[in-house]
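The next block holds one structure in the form of structure tokens; read it before the comments.
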Ligand code: ADP
Ligand code: MG
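In the working numbering, the protein residues as written are 38 to 490.
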């Protein structure tokens with residue numbers, strides 16, 4: 038049996054043991070590149086796959102291999118991109134520097150704990166076109182004249198169209214421009230809500246007042262989630278007034294205009310309407326092309342013009358989705374070390390569109406997470422603190438929020454936890470996913486599993 042046959046036989050057995058998705062994700066592109074003195078060298082296409090296979094399948098693989106080849110004693114896992122054929126195994130290959138996968142709009146700098154702003158969002162990386170011109174102009178004016186011209190500033194628009202980017206960018210620019218003399222704070226409205234709930238419960242309202250009224254620029258994201266929560270609205274209203282009267286700037290985002298947030302108290306609504314309201318709508322074709330080009334430049338990559346146009350033509354309603362598809366295409370291109378053909382790009386777009394149009398359910402998400410981590414869906418739900426289930430559970434909560442936009446209470450309910458646990462889990466993963474490439478990769482793969490069903 039030569040190396041190739043030995044590996045094919047081993048994979049055939051592994052294929053039976055693993056789920057199809059796990060097999061194709063982790064092992065399909067593995068190779069057995071060499072054998073020396075009883076040590077077998079197994080090559081994986083990137084560092085993520087190497088670590089994963091080494092941690093999870095080492096024992097299985099060795100067991101199977103030894104059935105075919107009794108002289109095998111040890112496995113070594115190495116990273117070898119496909120174009121590097123196995124010339125020198127072992128040390129040489131494993132020291133080959135492996136570049137991190139490109140990630141458009143992904144891998145971030147750390148969030149600033151004081152302002153809660155993510156430095157990746159800037160006005161200069163925000164592509165401007167007819168769909169967001171007014172909002173952008175207002176944002177720029179605010180940076181130059183904080184607290185006066187457009188106060189409050191209310192920006193609304195659909196999912197993935199740049200609201201968070203724009204309002205965080207204002208905060209970042211202000212921080213840069215005025216150093217410490219103007220202190221911005223960014224907060225998702227649900228964070229605000231949970232702070233208020235916590236303060237009421239613990240009789241610490243003073244802390245909340247200090248935290249939110251002691252800033253010069255308060256940015257509240259996704260205000261629609263505040264609607265209908267009486268105590269929170271009350272506190273928000275007071276905060277709002279205190280800031281407003283002190284000429285502090287208030288910036289608010291929402292997925293809809295103030296008059297369409299049904300549960301929003303009248304007095305809050307009229308406050309919003311007293312400032313500037315701007316919407317962000319769908320970007321048109323030229324702007325989508327410009328966004329793609331700008332993202333490519335950011336990560337220092339190129340794509341054939343035909344592919345850029347194809348992506349711009351096909352992904353119309355969500356810039357986050359546009360980035361996702363761009364990432365997949367770049368990932369593919371990087372792995373193949375060759376320019377991607379239009380037909381392949383088309384296929385990638387097609388697949389993503391199919392998976393997006395098929396409605397994902399919470400059960401599918403839990404199933405995919407469990408499958409990915411080789412645990413049972415019950416492990417996610419039952420109360421046990423084993424280390425192996427903590428991360429999967431947090432990822433499950435994150436995905437329920439990220440993919441289905443479920444409320445924190447209903448996420449908590451789904452997993453038998455309270456809503457603060459859900460908030461904590463979401464925020465942790467949301468932060469870490471931008472910091473740790475391996476986590477980011479896991480999440481992308483779980484999403485793939487979900488879409489494959
Ligand atoms: P929203 O908050 O409206 O759901 P985000 O601000 O999170 O949307 O935007 C989704 C993604 O698209 C982010 O990665 C953001 O950087 C990117 N994005 C949105 N609008 C633009 C734009 N005009 N130019 C460049 N990138 C954009
Ligand atoms: Mg947002």
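C-beta: ideal position from N, C-alpha, C; glycine also.
In DSSP terms, what residue i is bridged to
i, result
"residue 258", "225"
"residue 191", "289 and 314"
"residue 416", "Bridge partners of residue 416: none, in fact."
"residue 73", "76"
"residue 437", "Per DSSP, none; premise fails for residue 437."
"residue 246", "In DSSP, residue 246 forms no bridge with anything."
"residue 116", "81"
"residue 68", "80"
"residue 111", "76"
Residue of the options minimising C-alpha distance to residue i
i, options, result
"residue 247", "469, 262, 263 and 272", "272"
"residue 21", "113, 51, 94 and 425", "Residue 21 is absent from the model: the chain starts at 38 and stops at 490."
"residue 193", "223, 261 and 207", "261"
"residue 190", "348, 368 and 306", "306"
"residue 470", "147, 56 and 52", "147"
"residue 351", "277, 320, 89 and 115", "320"
"residue 487", "435, 475 and 403", "403"
"residue 219", "277, 84, 284 and 197", "284"
"residue 116", "443, 372 and 96", "372"
"residue 109", "77, 406 and 211", "77"
"residue 98", "85, 74 and 67", "67"
"residue 178", "475, 207 and 104", "207"
"residue 346", "87, 357, 378 and 336", "378"
"residue 163", "274, 356 and 263", "356"
"residue 223", "195, 334 and 258", "258"
"residue 54", "349, 106 and 96", "96"
"residue 49", "40, 311, 71 and 101", "101"
"residue 195", "276, 286 and 354", "354"
"residue 446", "160, 458 and 150", "458"
"residue 41", "52, 51 and 72", "72"
"residue 466", "79, 437 and 278", "437"
Buried versus exposed, by CB contacts within 10 Å (16 or more), residue i
i, result
"residue 295", "buried"
"residue 209", "buried"
"residue 122", "Reliability of the predicted coordinates at residue 122 is poor, the pLDDT of 35 falling under 50, and the value obtained from them is presented with this limitation in mind. Exposed: under 16 other Cβ atoms inside 10 Å."
"residue 45", "exposed"
"residue 244", "exposed"
"residue 81", "buried"
"residue 415", "exposed"
"residue 322", "exposed"
"residue 94", "buried"
"residue 473", "exposed"
"residue 130", "Low confidence applies here, because residue 130 scores a pLDDT of 34, under 50, leaving its location unreliable and the question unanswered by this model."
"residue 325", "buried"
"residue 507", "The first residue shown for the chain is 38 and the last is 490, placing residue 507 beyond what the model contains."
"residue 175", "buried"
"residue 419", "exposed"
"residue 449", "buried"
"residue 17", "The question about residue 17 has no answer, for the chain in this structure spans 38 to 490."
"residue 221", "buried"
"residue 423", "exposed"
"residue 103", "exposed"
"residue 242", "exposed"
"residue 270", "buried"
"residue 87", "buried"
"residue 74", "exposed"
"residue 38", "exposed"
is_contact[residue i, chain C] using C-beta, thresh 8 Å
i, result
"residue 38", "The chain inventory of the structure shown lacks chain C, comprising one protein chain alone."
Sequence ranges, alpha helix (DSSP H) only - wholly within the region 262-286, length at least 4: You should have 267-282.
Three-pair Cβ contact test at 8 Å for the region 213-221 versus the region 299-319: Taking one beta carbon from each stretch, the region 213-221 and the region 299-319 have fewer than 3 pairs nearer than 8 Å; the two do not touch.
Whole runs of the alpha helix (DSSP H) within the region 332-389, excluding any shorter than 4 residues: Counting whole runs of 4 or more residues, the region 332-389 contains the alpha helix (DSSP H) stretches 342-351 and 356-373.
Contact the region 322-332 vs the region 273-291: 3+ CB pairs below 8 Å: No, because fewer than three Cβ pairs between the region 322-332 and the region 273-291 fall closer than 8 Å, the two stretches do not touch.
At least three beta-carbon pairs within less than 8 Å, the region 439-455 to the region 60-67: Contact between the region 439-455 and the region 60-67 is absent: fewer than three C-beta pairs spanning the two stretches fall below 8 Å.
Three CB pairs or more closer than 8 Å across the region 153-160 and the region 294-309: Judged by Cβ distances under 8 Å, the region 153-160 makes no contact with the region 294-309, as fewer than three pairs qualify.
The region 228-236 touching the region 378-388, judged by at least three CB pairs closer than 8 Å: Using a C-beta cut-off of 8 Å, the region 228-236 makes no contact with the region 378-388, since fewer than three inter-stretch Cβ pairs fall below that distance.
Stretch-stretch touch, CB-based, cutoff 8 Å, three pairs: the region 167-186 with the region 231-240: Too few Cβ pairs lie closer than 8 Å, so no.
Segment contact flag, the region 462-481 with the region 416-432, C-beta cutoff 8 Å, min 3 pairs: They touch, by the three-pair rule.
Three CB pairs or more closer than 8 Å across the region 198-208 and the region 340-347: Counting C-beta pairs with one atom in each stretch, the region 198-208 and the region 340-347 have fewer than three that are closer than 8 Å, which means they do not touch.
Any 3 or more C-beta pairs closer than 8 Å across the region 473-489 and the region 248-260: No contact exists between the region 473-489 and the region 248-260.
Given 8 Å, three or more beta-carbon pairs between the region 358-366 and the region 396-410: Not touching, per the Cβ criterion.
Neighbouring residues (CB closer than 7 Å to any heavy atom of ligand 3): Summarising the ligand content, the structure contains ligand 1 and ligand 2 and does not contain ligand 3.
Uninterrupted alpha helix (DSSP H) stretches inside the region 443-490 (no shorter than 4 residues): Here the runs fully enclosed are 445-451, 456-469 and 474-489.
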